[in-house]
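Residue 520 in our numbering is what sits at position 518 of the first sequence, and the numbering runs on without skipping anything.
For reference, the structure is listed below as structure tokens.
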Amino acid sequence: MRLCGRHDRPFRAGRASPFIRSSGYTMSNCFRLFQAVVQDALVGIVPADLDLSRVAVEPPRDAAHGDMATNAAMVLSKQAKMNPKALAEQLAEKLRQHPDITSVEVAGPGFINWRLSDSFWRAQLSAILKAGTNWGDSDIGKGQKVNVEYVSANPTGPMHIGHARGAVVGDALAALLEKAGYDVAREYYINDAGAQVDVLARSVHLRYREALGETIGPISEGLYPGEYLIGAGQALAKAHGDKWLNAPESEWLTAFRHFAVDAMMDMIRDDLAALGVEHAVFTSERAMVEAGAVDAALKNLEERGLIYTGVLEPPKGKTPEDWEPRPQTLFKATEFGDDVDRPLKKSDGSWTYFASDIAYHKSKFDRGFPVMIDVWGADHGGYVKRLQAAVKAITEGQGALDVKLCQMVSLMKNGEPYKMSKRAGTFVTLRDLIDEVGKDVVRFIMLTRKNDAQLDFDLDKALEQSRDNPVFYVQYAHARACSVARHGAEMFKGRDLSDAALSGVDLSGLQDADEMALIRLMAAWPRLVESAAESHEPHRVAYYLADLAAAFHGLWNRGRDEAQLRFLIGENPDLSLARLALVRGVALVAASGLKVFGVEPVLEMR
RNA sequence: GCGCCCUUAGCUCAGUUGGAUAGAGCAACAGCCUUCUAAGCUGUGGGUCAGUGGUUCGAAUCCACUAGGGCGCGCCA
């Protein structure tokens, strides 16, 4: 089981990594567009053979500086052996000739800031209306195959709240990568080979006896007590009668295990479906072991001299009580960056979890996924290095594994820790939580923190209709935009107000600074998608959506005091149409973001 | 003892992969408000980015050390 740690950021910029790529640009990301403009402008100013990879075009930190900025002069001055200010001035002069650029300034240590014409930004709005919720789609992924493995909860019971975070983070990350142009596979690894599933089988056998009329009393210490196993026991009793009632364990264990794991996986799949999560591939650890995949993978390592028999030192400062030196089959993880070599076999001769995980990741690689992402719980943090070492070894450096560790979720109510207790009648499962607040709220809240930060899930706040509930705030923005659109339809009865039609209307009436700022924000969505996808950080979308909502609500509110800023003005149809286009753009971009999260945008608030 | 993660406003947290004067919400304070259906709006105050040193044009961001907190440390998954 891989749920509930920390993210050790194995792939940062500056290191050679398949996750970082910079060439190519799409039409929708206007910053990439101008990156190309800057690169073209550099021709003739600096030598042609310079490395331009660090030249960036970004929004300035302070919007007062302009619409876009580049660090080109500072980054290239050393290579070009030019004074950064002089270089900046020459580059600025060339940029001034660009038809969409209205002003250029050199500032600070050599930043070049420029502003773009209102008509350029209005054209961005038209592009948004044409693209619809596909706005933000990118091709930076270039169709590269990425494998995202998430949830992988043990098939021993229903999903609880801790599982939900990994499920949502993995699912949103997968959607985000797809939006950024990657070819994504969503996978679930079923840990059905360990001792725990034997415990599960025994627990079901107990329920089976119970179903046949036996009084079982309190469930003994080593078994799963959950009532969710009663149904499985009854089903087995119904199908097979008392056939296994008094049989020795060896006769029924395998059959019970199969049945129980299948039943648990059905239950988990139902839970996931209720959360809107669907995996394309489920891989059984046991099936993999039985097919000999582990032997094959380890044979490969063995032939390369990476496996040996040795005795591990006890960990210093914390020696387990029953420690005794013992020769073990070890993988030379230390050759690939791990701290100690890691055992592959248990004393009974069976493979460790680590061993089968090596085989599983080899199988991912062999199936064509050089880029793998695993989403785990934070308590597996200590396992990250060894698996990354193993991936490095088994793929001979061709594969890369990023592990997203999800910190714990604390359920709160009214700012106080919420005790989950069956006896007190408060819920304990994911299903209960979904019933309480709804799938969309669960999904959004789970994405309001970066994965490696602890998350408080406040039941009251999650349903509160106020500014400090981001789910409500974002949904409300979408609903409000739709509401305005409905009023617009009323106003322009019989007129074509489709997105296609709106993309063609005259937008020149949009002139207020806040209107233009809203367009700029919407135009920044493709860039956000790309950066969030490249850094594997879906939570950024939540903050973007909150910003977008704030900008839209702010503009709406200004209309209360300044009637001329209202979206719909009866005596000015042209302006009203332009503003309808703006409002519709907001709805589309919000919907585009919510789609990444798997959250349904609502048309109106109840 | 070792490894990994974390430390940003009173609180909860962002911070665009190293950019310019570090942001938002809540709380606090001061006003406003019956609305393009809408559960509020505007403004103000608030910071040694845990600390020290380093790398460079430039550091909350990268490196080293220190302090505090969390997770993990052979045959569990």
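For every residue, glycine included, the Cβ atom is placed at its ideal position computed from N, Cα and C.
- Below 8 Å, enough C-beta pairs join the region 540-554 and the region 446-454 to call them touching: three or more.
- L346 is positioned such that its CB atom lies closer than 8 Å to that of F333.
- Contact annotation: the region 266-274 does not touch the region 330-344, with fewer than three C-beta pairs closer than 8 Å.
- With contacts defined as CB atoms closer than 8 Å, V507 and V585 fail to qualify as a contacting pair.
- T256 sits exposed, since fewer than 16 C-beta atoms from the chains shown fall within 10 Å of its C-beta.
- Going by DSSP, V393 is part of the alpha helix (DSSP H) stretching over V386 to I396.
- DSSP, read as helix, strand or coil, puts P575 in helix.
- In this structure, the beta-carbon distance from Y355 to G196 falls below 8 Å.
- Fully enclosed beta strand (DSSP E) runs of no fewer than 3 residues occupy 457-460 of the region 416-492, in order along the chain.
- Within 10 angstroms of the beta-carbon of M374 lie 16 or more other beta-carbons, which makes it buried.
- In this model, A551 and L178 are separated by some 20 Å (Cα to Cα).
- When C408, E438 and D404 are compared, the shortest CA-CA separation from K415 is found for E438.
- The alpha-carbon of E180 is positioned some 20 Å away from that of L274.
- A check of alpha carbon separations from V150 across I142, V186, R488 and A182 identifies V186 as the nearest.
- For Q513, the three-state secondary structure derived from DSSP is coil.
- If only complete runs of 4 or more residues are kept, the region 43-111 shows the alpha helix (DSSP H) at 74-82 and 86-97, in order along the chain.
- In this structure, N115 lies near P62, with their beta-carbon atoms less than 8 Å apart.
- Assignment of P528 by DSSP, reduced to helix, strand and coil, places it in the helix class.
- Looking at the backbone, the Cα of L605 and that of H207 are separated by about 50 Å.
- Rounded to the nearest whole angstrom, the CA to CA distance from D563 to E517 is 16 Å.
- Distance from the CA of L596 to the CA of T135, rounded to the nearest whole angstrom, comes to 10 Å.
- Fully enclosed alpha helix (DSSP H) runs of no fewer than 4 residues occupy 197-213 of the region 165-241, in order along the chain.
- Between H165 and L432, the C-beta spacing is below 8 Å.
- Between P372 and the set G383, V393 and D359, the nearest pair of CA atoms involves V393.
- Non-local beta-carbon contacts of V48 in its own chain, meaning distances under 8 Å to residues more than five positions away in sequence, involve L78, Q81, A82, M84 and L89 in chain order.
- With 16 or more other Cβ atoms from the protein chains shown falling within 10 Å of its own Cβ, V291 counts as buried.
- CA-to-CA, the gap between A66 and L557 works out to about 19 Å.
- When DSSP states are grouped into helix, strand and coil, I521 belongs to the helix group.
- Annotation: the continuous alpha helix (DSSP H) that includes M267 extends over E251 to A276.
- By the neighbour-count criterion, in which a residue is buried when 16 or more other Cβ atoms sit within 10 angstroms of its Cβ, Y226 is buried.
- Per DSSP, G145 is not a residue of any alpha helix (DSSP H), being assigned neither H nor E.
- A straight line joining the alpha-carbon of K364 with that of Y190 spans about 15 Å.
- Going by DSSP, K406 is part of the beta strand (DSSP E) stretching over A402 to C408.
- Going by DSSP, M374 is part of the beta strand (DSSP E) stretching over V373 to G379.
- When secondary structure is reduced to three states using DSSP, S286 falls in the strand class.
- Taking the Cα of P575 as reference, the smallest distance to any Cα among A94, A491 and F459 is reached at A491.
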